[in-house]
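So the sequence lines, in the order shown, correspond to chains P and B.
Be aware that the first sequence starts at 9, since it is given in our numbering, and climbs by one per residue.
Be aware that the second sequence starts at 9, since it is given in our numbering, and climbs by one per residue.
C-beta: ideal position from N, C-alpha, C; glycine also.
Nothing here was measured: the structure is a model prediction, and the numbers come from that model.
There are 2 protein chains.
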Amino acid sequence: MVDANLHPFDAALTLTPAGTSSFIGRTHPAYQNMVGPYGGLSAAQALQAVLKHPALLGQPVALTVNFAAAIADGEFRVEVNPVRTNRSTQHWSVVFTQPDASGTDSTVLTATVMTAVRRGTWSAADLAMPEVPRPSELPRSPFDGRPTWFQRYDMRFCTGNLPEQWTGAAHESLTQLWVRDDPARALDITGLAAMCDVFYPRVWLRRATPTPAGTVTLTSYFHVGSAELAAANGGYVFAQARGVRYFNGYFDQSAHVWSEAGQLLASSHQLVYFKE
Amino acid sequence: MVDANLHPFDAALTLTPAGTSSFIGRTHPAYQNMVGPYGGLSAAQALQAVLKHPALLGQPVALTVNFAAAIADGEFRVEVNPVRTNRSTQHWSVVFTQPDASGTDSTVLTATVMTAVRRGTWSAADLAMPEVPRPSELPRSPFDGRPTWFQRYDMRFCTGNLPEQWTGAAHESLTQLWVRDDPARALDITGLAAMCDVFYPRVWLRRATPTPAGTVTLTSYFHVGSAELAAANGGYVFAQARGVRYFNGYFDQSAHVWSEAGQLLASSHQLVYFKE
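This is the structure we're talking about:
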């Protein structure tokens, strides 16, 4: 049973235990993309399975999600296993399965997660947050015609919103925006993991041409503990993404997410399929 | 049996079939690091297991390797499975195991690989290769005291070689170098995968301080097919890496590798453990 008062993101993250190291998860109507769920939600669900496992050691430092097939609306099975536990680190394997057309369980998503007990060390950032207008100085982006999951985020673009006209002209692939859950939600590691995938495909911006495109694999590194996440509570995060190389059907993008106060919270990279 | 005339990299990549979807691999004395094997070799071995699997579809487009524990010198078992095969893409799981102190098989490395049949599309690069001296204009870096695997690469640094003095002074974390196998070897996808890890830890350069450090997870995206790799044959590649965020025991770096002719061949990111 899902509590109707839950934030939709927390409702979407709800996993029902189904035996040792297994859960039943579900897609959620509030986070649907054009086809299937918003990839950021699937990434957060994979991470959530690790966080809910009784053997968890430490906090997430790295997450890789492979989108192996479209996830059909409804339930999926989550298998989550600690494959190696060391003194202060742990490596995890996560697999989502759904019955295929013939009724056989088929893998639709795989993920690996690394968790660690962090210790205080010298810390620094080589990538500074760009100077941009504050969120209050920018209009909220309208949703017109965008997939449902867009409505679950208050997005305020500094640059690189969707092209207003699909002219086919070459364009820089940089997007910069402020983003916050809608309704507002205290930032935590699953929320951050989801926001790492908040960008529409770079190739649409780069070419001002809408072509079929979808993330095939995503890797995020988290530079933050629960204390730093608590400090970012309620604020916007600043998210930036840029395309790197487009080659014969796939391109990669690199993204970074900062707290409103300018602390780099996550680095996130993905490879995206595109057509033509 | 390993042919004594094989290039040491090909000798190190040799996998002996050991049942369905299993191989026996071995560390190789020519590619040893300070503790255990060079991570780039382990990454290449994981990729090689996929390339040697009879069910392979297409060519590698993405590789994530999680270094779960130190790999002891000698043999390890490789389990490799296609977890999802679509019309033109395939997702793979790879696991290396070795007996632990009690003799129980224990996971030392996990990897996920995505392969795809590429189709010709619009292609471009948003990241240009920097203007740097040609390899012939630069001296080869000496090996003095570095781990064995360094000797398997002809490295010519443009900037960011190991600090000559460990002064503890803050320094930019950028390294740029030309690199080629030694002995020379035709570039292929496994060679490229290994070269993505050719950088010593950024934190050593950033702080001019040698502290214990080691890669815990690495993700590479390949922007190249076998035809483009063949065109790069025999030449150097240009490799660049920069640190991003250093926080409580872990930092990430982003690296890119170009052909000598200036084509971006790979993007590669990693999270690295460091002490203090």
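Check	Outcome
Chain P within 8 angstroms of N169/B, Cβ atoms only	no
Contact set between the segment 116-133 of chain P and chain B, restricted to residues whose Cβ is under 8 angstroms from the partner	V116, T118, T120, M122, A124, R126, R127, G128, T129, W130, S131, A132, A133
Proximal residues of chain P, C-beta to C-beta of H61/B below 8 angstroms	By Cβ distance, chain P contributes nothing, its closest Cβ being about 16 angstroms from H61/B, past 8 angstroms.
Neighbourhood of Y46/P by C-beta distance below 6 angstroms, restricted to the same chain and skipping five residues each side	Y39, W157
Cβ neighbour criterion (16 or more within 10 Å) applied to D81/P	exposed
Reduced DSSP secondary structure (H/G/I, E/B, other) of S50/P	helix
Contact set for F2/P: own chain, Cβ-Cβ below 6 angstroms, skip 5 residues either direction	Given a span of 9 to 284 for chain P in the structure shown, any question on residue 2/P remains unanswerable.
Bridge-paired residues (DSSP) for I32/B	T24/B, R85/B
Cβ-Cβ distance between L211/P and L135/B below 8 angstroms	Before going further, note that residue 211/P is Val rather than Leu in the sequence given. Contact: no.
Backbone CA spacing between V140/P and V245/P [nearest angstrom]	12 angstroms
Any 3 or more C-beta pairs closer than 8 angstroms across the segment 178-193 of chain P and the segment 209-225 of chain P	yes
Of the listed residues S144/P, F75/P, L55/P, T217/P, nearest to L200/P (C-alpha basis)	L55/P
Neighbour flag for H36/B against chain P, beta carbons, 8 angstroms	no
Interface partners of H99/B on chain P, CB under 8 angstroms	N74, A76, T115, T118
Where Y39/P sits in the DSSP three-state scheme	helix
Classification of M42/B by the beta-carbon crowding that lies within 10 angstroms, buried from 16 upward	exposed
Three-state secondary structure assigned by DSSP to P150/P	coil
Bridge partners - P68/P, DSSP secondary structure assignment	T123/P
Inter-residue spacing [alpha-carbon to alpha-carbon] between A235/B and A235/P	49 angstroms
Short CB-CB distance (under 8 angstroms) between F17/P and chain B	no
Residue environment, P220/B, which counts as buried when at least 16 other CB atoms sit within 10 Å	exposed
Neighbour-count burial assignment, Q261/B, 16 or more Cβ in a 10 Å radius	buried
Short-range partners of chain P found in the segment 40-72 of chain B, where Cβ spacing is below 7 angstroms	V69, A70, T72
A119/B versus V86/B, T167/B, P191/B, residue with shortest Cα-Cα distance	V86/B
Contact check, L74/P vs L117/P, beta carbons under 8 angstroms	Before going on, a small fix: residue 74/P reads as Asn here, not Leu. For N74/P and L117/P, yes; Cβs fall inside 8 angstroms.
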